Amino acid sequence: MRFRLLGELEVESAGRVIRVRGRRLRSLFACLLINRNQTLSHDHLIDAVWGARPPSSGSHGLEVLVSRLRHVLGRDAGSRVETTPAGYRLSVAAQELDVDRFERLSAAGRRALAAGDHEAAIRYLREALGEWRGHAFGELAYGSCLAEEAGRLEELRLDALEAVFEAVIRSGSEEDVVSELEAFVAAQPLREHARALLMRALYRCGRQADALDAYRAGYRLLAQEGLEPQAELRHVQASILRQDPLLMRVEAEPVELPVTRYVRNDGAAIAYQIFGEGEYDVVYAAPFVTNVELAWQVPGLAELLRRLGSSCRLIRFDKRGTGMSDRVNVGELETGVDDVGAVMDAALSKEAAIIGAAEAGPLAVLFAAAHPGRVWALVLWCASARVAWAVDYRSGMRRSELEQRMTEDERIWTDPGYAEARARAVGAADVSELASLWRQSATPGIVRALAEHYFDVDVRDALPLVRVPTLVLDREDDYGVAAGCTYLAEHIAGARHVALPGSDRVMFGGGDLESVAREIEAFLESAWERHRGRSRSGDRSVTGP
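Quick look at the structure:
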C-alpha cells in the first residue's frame, strides 16, 4: 500500500486510490499516519479529531470512527488499525508513507552534498521533492492536530529546495537555477540562506549589480521586521564588493568519507576518524556534543573539515558519552586527556597540533601542558580556562547561570524547534543539519552531566606549562567569550590573539568559513615549518610564536 500526506490525503492499494471521506475520519487517519507504528491513547485521538468539542458519547464516538476507517480501507488494509489496551495503532511498513520516503531521500541528498557529490545530491533531493503534490495534509493542515507537523514538513521542504540550489551552484551550473531561485526568494523573502544563494548565483552569472540589489532588498525587508541581516548574508555581500575569487570557485570532485574506528580506553570505546593525508597531524577536539559521522551531513562543518584535511592528517573523535563513542559517564578532564592520547596512539600519531573548540578548549590546553612532547602547536577557538565565576576570575558564570543554561540545553531535545533556534543564534547557516547533529549526538542527561563537568573545570594553573605556539581565535562582537579568550592569550607565553569580524560562535558559521580556515592554516603552516626546522637541527626546545 501507499499512504500519501504530502498533499491531499490519499491511499493507494493495488493501483486503486481509496477515498477517505469526511473531515473527522480523514483527521483520525492522518493523525494515526503521522504517529505510525505508535499507540495513541483514546484521549489523544479524541482531542486530535474533535478538539475542544469532544463527542458526548466519549470513547464510543471514537470507536465508531475507527470502525468506519477500517471499513473504508478494506479488510486487508483495515487490519492495520490495531486496538490495544492503551488505544489504537496504525501499522505502516518502511517506505509505504511518502513522508518517510521524502525524509530518507532528503537525508541522502544532504549526505551527498556534504561529501561534495553534487550530482547525487541533486538527484536525491529532486526525487525527494517529487513526493510533494501540494501542502502537507491538504485542507486538513489547519487542524490543531496537524498544524505543527504540517509546519515541520513545510520547513523541511524549503530546506530541501535550498539544498538543491546550493548543490547546483556548487557544481558550477548556477545558470540552471537563477530563475527558480528568484521565484523562491520572492515567495520566501525572509529566508536569508536562500537570498545568499541567489546573490552568489547572480554574481557568478556576471550580474553583480543584481546580486547587490538582492542584498539591499533583503536588508530593507529585515529592517521592517526589526531585524539585522545575519552573518552569511553580510559575508556574501562583502565578498561580492571585494570581488572575492572564492565566489567563482567550482568545488572539487566528491571526497570519500573516512571510516569510523574505535579505541578502548579506561573501559570506554572512543570513536575516531582520520581524514586527509598531509605531512603533519592535527587533532580536532570539537565543542558541545558531536558525532564523527553525522558531522559530514552539516554542509558548513563538512566544508571546514575538508578544508582542514586538505593540508594535514585530521584526527577527530567523539568525547566519551557522546556521538558514536560509548554512552558512559563523561568522566573527569584528566580522563578526556587520556582519551586524546589513546586516539593518537591508535592513529599512529606521534605528535600533532591540537585544535580545541569552545568547551573542548580546556581539554586541549591540559593535553598540551601534560604532553609537551606530543604537541607542536595549539589552536583555541572561543575557549576559556575556567567556566565558573571566582573572586579572581570575574568573567565566569554563577551557579544560577549554569542551572539556567542546563535547562536551556535540555530544550534542544524536549522543545520542537528550539534546537534550530539555538543553531541560528550561534550563527550556523546549516540550521536544521546542526540541530539534527546535536539531537543525535547525546541525551539530555549526558548534556547536563557535561555542563556540570565543565563548570568544575579550571586549567589556569596549566597555562604557564603550555610552551608551544598558540593561536587564540574568537569573534570581535561575541562578548560572551571575549574575556575568556583574552585571559588565555595573556597567560600562555607568546600566544597570538585574533578577533575575527562578526559574532558567530560556530567555526563554520554565517558563511565566513574562509577567514577562520585561512587564519588556522597560516598559523599551522608557520608553526610546522619552525617545528620541523628545530627537529632537523636537533633543537627540541619549544617556544611561543
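Residue numbering for the sequence shown follows my numbering, starting at 54 and increasing by one per position. Just so it is clear, CB atoms sit at the ideal spot from N, CA and C, and this is done for glycine as well. Nothing here was measured: the structure is a model prediction, and the numbers come from that model.
Item                                                                                                                                                                        : Value
Residues in its own chain within less than 7 Å of GLY384 by CB, not counting five upstream and five downstream?                                                             : ARG373
In the DSSP assignment, find the unbroken beta strand (DSSP E) run with THR523 in it and report its ends.                                                                   : 523-528
If I measure Cβ to Cβ from ARG121 and keep anything under 7 Å in the same chain, skipping five residues before and after, which residues do I get?                          : LEU78
For VAL525, which residues of its own chain have a beta-carbon under 6 Å away from its beta-carbon, when the five flanking residues on both sides are left out?             : LEU433, CYS538, LEU541, ALA542, ALA548 and HIS550
Using a Cβ-Cβ cut-off of 8 Å, state whether LEU358 counts as contacting chain D.                                                                                            : Among the chains in the structure shown there is no chain D, since it carries only a single protein chain.
Is GLN148 helix, strand or coil by DSSP?                                                                                                                                    : coil
For ASP212, which of ARG314, GLU281 and LEU487 has the nearest alpha-carbon?                                                                                                : LEU487
Report the start-end ranges of each beta strand (DSSP E) in the stretch 402-469 that is 3 residues or longer and not cut off at the edges.                                  : 405-410 and 428-434
Could you tell me how far apart the beta carbons of ILE480 and ALA284 are, in whole angstroms, since I believe they sit closer than 8 Å?                                    : According to the sequence shown, residue 480 is Gly rather than Ile. Confirmed, Cβ separation roughly 5 Å.
Comparing alpha-carbon positions, which option in VAL289, ARG380, ILE573 and ALA181 lies nearest ARG257?                                                                    : VAL289
Would you decide whether LEU401 is buried or exposed? Buried here means 16 or more other CB atoms lie within 10 Å of its CB.                                                : exposed
Are the stretch 420-430 and the stretch 453-470 touching by the rule of at least three beta carbon pairs closer than 8 Å?                                                   : no
Cutting at 7 Å between CB atoms, please list the residues of its own chain near TYR315, excluding the five before and the five after it.                                    : ALA322, ILE323 and ALA324
What number of angstroms, rounded off, separates the C-alpha of ALA410 from the C-alpha of ALA203?                                                                          : 37 Å
Nearest-angstrom Cα distance between ILE368 and MET252?                                                                                                                     : 35 Å
Evaluate the contact criterion for the stretch 446-454 versus the stretch 488-501: three or more CB pairs, one atom per stretch, below 8 Å.                                 : no
Out of GLY389, TYR532 and VAL559, point me to the one whose CA is closest to HIS506's CA.                                                                                   : GLY389
Take GLU473 and list the residues in its own chain whose beta-carbon comes closer than 7 Å to its own, dropping the five residues that flank it on each side.               : VAL484, SER485 and ALA488
Reducing DSSP to helix, strand and coil, say where SER556 ends up.                                                                                                          : coil
Rounded to whole angstroms, what is the Cα-Cα separation between GLY68 and PHE190?                                                                                          : 21 Å
For GLN277, count neighbouring C-beta atoms within 10 Å of its own C-beta (all shown protein chains included) and say buried if the count is 16 or more, exposed if not.    : exposed
Indicate the three-state DSSP secondary structure (helix, strand or coil) for ARG76 in the structure shown.                                                                 : helix
When you compare only the Cα positions, how much space is there between THR596 and PRO517?                                                                                  : Confidence at THR596 is low in this model, with a pLDDT of 45, below 50, so the placement of that residue should be treated as unreliable; the coordinate-derived value is given next. Whole-angstrom Cα-Cα distance: 12 Å.
For TYR446, which residues of its own chain have a beta-carbon under 6 Å away from its beta-carbon, when the five flanking residues on both sides are left out?             : ARG439
Where does ASN344 land, buried or exposed, given buried means 16+ other C-beta within 10 angstroms?                                                                         : buried
What are the uninterrupted segments assigned as alpha helix (DSSP H) that are 4 or more residues long and contained completely in the stretch 61-143, given in chain order? : 76-87, 95-103, 112-126 and 128-131
In angstroms, rounded to a whole number, what distance separates the CA positions of GLY470 and VAL221?                                                                     : 28 Å
Do you know offhand how far ILE293's Cα is from CYS435's?                                                                                                                   : 28 Å
Can you give, in chain order, each stretch of the beta strand (DSSP E) that sits fully within the stretch 257-340 and has at least 3 residues?                              : 314-318, 321-328 and 334-338
Considering just the uninterrupted stretch of the beta strand (DSSP E) at ARG513, what are its terminal residues?                                                           : No beta strand (DSSP E) contains ARG513, which DSSP labels as neither H nor E.
Measure the alpha-carbon distance for HIS188 versus VAL238 and round it to whole angstroms.                                                                                 : 18 Å
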